[in-house]
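Asks: There's a structure below that I have some questions on.
In this note's numbering, the protein residues as written are 6 to 133.
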């Protein structure tokens, strides 16, 4: 018998993450967080940002957790309830163009986001 694991796929680092549609995966009893992350990546790869790697996804035990789960942690006991799903975070960086002198946003601009990890460089941001 496998594990039914509920999760919420969210953009960015908002803590707690916004409400969204809870999904689920059927996983083997012996699965760990790494296998779960791989399964989520495979299932949603076509709708994830281009160039995103499986390793860019972070898995948290619930909506209020600040620290991500270790990949070797056993999946059993996490995401067992639709009301308390695991949270899978897709990286997103927010930015806004600012005047270097006044530190005010340029007129007519608004905050924007791009799907980058925290390890990305300014060059990655420029090319996003």
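Idealized CB from N, CA, C, for every residue including glycine.
1. For residue 76, which residues in the same chain have their Cβ closer than 6 Å to its Cβ, ignoring the five residues on either side in sequence?
2. Just to check my reading of the structure: residue 95 and residue 14 have Cβ atoms closer than 8 Å, yes? What is that Cβ distance to the nearest angstrom?
3. Where does residue 105 land, buried or exposed, given buried means 16+ other C-beta within 10 angstroms?
4. How far does the beta strand (DSSP E) with residue 94 in it reach, from first residue to last?
5. Of all the CB atoms in chain D, is at least one closer than 9 Å to the CB of residue 53?
Replies: Short version:
1. If we look at residue 76 and ignore the five residues flanking it on each side, its Cβ neighbours are 38, 39.
2. 7 Å
3. exposed
4. 91-95
5. The displayed structure is made up of one protein chain only, and chain D is not part of it.
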